[in-house]
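Contents: one structure, followed by commentary.
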Amino acid sequence: MFVDEVVVEVYGGRGGNGIAVARREKYVEMGGPWGGSGGNGGSVIFVGDEGMSTLLDLRYQRHIKAKNGENGRTKGQDGAWAEHTYIRVPLGTIVYNEDKSVRIGEVTKHLEELVVAQGGKGGRGNVALATHRNPYPEFAENGDAGVYRKIKVELKVLADVGLIGYPSVGKSTLISVVSNARPKIAEYPFTTLQPNLGMVQVGEESFVLADLPGLIENAHLGLGLGIRFLKHVERCRIFLHVVDLTRDDPYDDYLKINHELEMYNEELLLRPQIVVANKSDMPDNDHKIDILKSKIPHPVIVVSAHQMKDIDKLLYKTLEELKKAPKIQEEVRHDIKNYTLESGEPDFFINQVSDGYELSGAKLKILFERTDFVRPEAVKRFARQLRSMGVDDALRKAGAKNKDIIHIFSYEFEFID
Ligand SMILES: Nc1nc2c(ncn2[C@@H]2O[C@H](COP(=O)(O)OP(=O)(O)OP(=O)(O)O)[C@@H](O)[C@H]2O)c(=O)[nH]1
Ligand SMILES: [Mg+2]
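Per the numbering used here, the very first residue in the sequence shown carries number 610; after that it's consecutive.
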């Protein structure tokens, strides 16, 4: 089954907690901090795999959780970092947030990695937290939570050359004689229900060819296999436009298919095409060939896929056109932002509530979760961190008075001014 859209939830692993322990050993007089740091949580990472062609696997893995980092240990030993969780995806996989307002990234090359949910950092143990001013901290940090996201994963097949044309014109037959791909071939329309990729070797060089499901009139409105497959032609740098010489008017077929491309995305018409007039082994085609050659502004190559006639000529021409063809301009969509670390929200937010103020925000949450509130020293440190983030000033500005209650996630404290 071919799947090119799927929604999954990804969870980075939590960082291990640091620990606070005191050194107590024979002959060591003073003791000292002895608690190791937690290991980082694992990330969920997509990895490009040229051998894959569908997102089907993800359909059976709706929740992908990376492992948590190990807690710090005594004797100053750090907890182990968790291994990352790698998920293989086909080339051409694009990852968005759930409502597609942010593009998280894409995987276009074999073994290319894309982190879709970062693991949390391990918390520091009291060895790592020791400073000149506080050489023996009696607290440690908790590990950070990993990133959680609901993501929309889409596949747009990545191939240099795409085979387009009406059903039954011989696209699959052609890919089967020029590449390692072995698609199903049959006389009835819509035999090909999913894109098939094949590697085509021409002398010393090679390119990736995509056999795409046949298009019909009004495919752009969803007829036939429709738009679902039109989107897969978008990343092909050139098209082999196959027409069938046994059909009544191959030239008219050619016009109609191009019209479908144009209606879907007019930029597609600017891509180089080679028109492949197929089934030349059938009789009485000369007149149709003349019309094609005189009216079509692209190269027209007459072949028989069946009898492998003039296939080499076609392949060399394809290679030549491919070398001249421009790189595909990545689709520019102003409604979709690219994800960057900086594109985050402010460090914190302040809300007035009935008995005081409420603080929230992603960065604040990280500092909060790192803090071990059982340890007074850790709580004091948290208060200092808030002050240096500007929280105290902002609270004052928002109108907070001495003894007002400040809510921070599950914790409450009094505002002392
Ligand atoms: N005579 C002749 N028949 C051919 C040739 N190439 C393909 N055919 C036949 O045309 C029919 C359709 O071929 P396919 O390769 O399945 O066509 P397609 O374009 O992939 O069709 P869809 O997958 O439905 O879009 C099959 O019966 C093929 O054997 C050719 O060069 N000559
Ligand atoms: Mg086919």
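All C-beta atoms in this analysis are idealised placements derived from N, C-alpha and C, irrespective of residue type, glycine included.
- In the structure shown, residue 805 falls within a strand segment according to DSSP collapsed to helix, strand and coil.
- Per the Cβ contact rule, the region 801 to 812 is not in contact with the region 727 to 739 (fewer than 3 Cβ pairs under 8 Å).
- Between residue 621 and residue 729, the C-beta gap is smaller than 8 Å, which places the two residues in contact.
- The three-state secondary structure of residue 871, taken from DSSP, is helix.
- Within the same chain, Cβ atoms closer than 8 Å to the Cβ of residue 990 are found at 748 and 980, the five residues on either side in sequence being excluded.
- Contact between residue 883 and residue 915 does not hold, since the beta-carbon distance rounds to 19 Å and is not under 8 Å.
- Per DSSP, residue 819 is one residue of the beta strand (DSSP E) stretching across 814 to 820.
- One Cα belongs to residue 673, the other to residue 899, and the distance between them is close to 57 Å.
- Bridge partners of residue 723 according to DSSP: 655.
- For residue 933 against residue 913, the beta-carbon gap comes to about 27 Å, at or over 8 Å, which does not count as contact.
- Excluding sequence positions up to five before and after residue 909, its CB lies within less than 7 Å of the CB of 884, 886, 901 and 902, all in the same chain and listed in chain order.
- In the three-state reduction of the DSSP assignment, residue 750 falls in the strand class.
- Inclusion of residue 820 in the 7 Å shell around ligand 2 follows from its C-beta lying nearer than that to a non-hydrogen atom of the ligand.
- Residue 702 has 716 and 764 as its beta-bridge partners, per DSSP.
- Judged by DSSP secondary structure, residue 966 falls within the beta strand (DSSP E) whose first and last residues are 965 to 969.
- Between ligand 2 and the CB of residue 780, the shortest heavy atom gap is smaller than 7 Å.
- If you check the CB distance, residue 713 and residue 760 come in under 8 Å.
- If you check the C-beta of residue 841 against ligand 1, you find no heavy atom less than 7 Å away.
- In the DSSP annotation of this structure, residue 664 is not part of any alpha helix (DSSP H), being labelled neither H nor E.
- Annotation: the continuous beta strand (DSSP E) that includes residue 1015 extends over 1014 to 1017.
- Taking C-beta atoms as the reference points, residue 1000 and residue 958 fail to come closer than 8 Å.
- Residues 644, 681, 734 and 749 of the same chain have their beta carbon placed closer than 6 Å to that of residue 628, with the five preceding and five following residues left out of the count.
- About 25 Å separates the beta carbon of residue 665 from that of residue 711, a gap too long to meet the 8 Å contact definition.
- Restricting attention to 757, 721, 701 and 683, the CA atom closest to the CA of residue 623 is found in 757.
- Distance between residue 838 and residue 873, taken at the CA atoms: about 11 Å.
- In this model, residue 851 and residue 881 are separated by some 14 Å (Cα to Cα).
- The continuous alpha helix (DSSP H) containing residue 920 extends over residues 920 to 933.
- Secondary structure note for residue 910: its beta strand (DSSP E) is the uninterrupted segment 909 to 911.
- A buried status is given to residue 844, since no fewer than 16 other beta-carbon atoms sit within 10 Å of its beta-carbon.
- By the Cβ neighbour-count rule, residue 648 is buried, with 16 or more other Cβ atoms within 10 Å of its own.
- For residue 995, the uninterrupted alpha helix (DSSP H) run begins and ends at 985 to 998, by DSSP.
- It is roughly 17 Å from the alpha-carbon of residue 833 to the alpha-carbon of residue 772.
- In this chain, the beta strand (DSSP E) harbouring residue 960 covers 958 to 962.
- Approximately 6 Å separates the beta-carbon atoms of residue 702 and residue 655; this is inside 8 Å, confirming the contact.
- When DSSP states are grouped into helix, strand and coil, residue 794 belongs to the coil group.
- Between residue 650 and residue 688, the C-beta gap is not smaller than 8 Å, which leaves the two residues out of contact.
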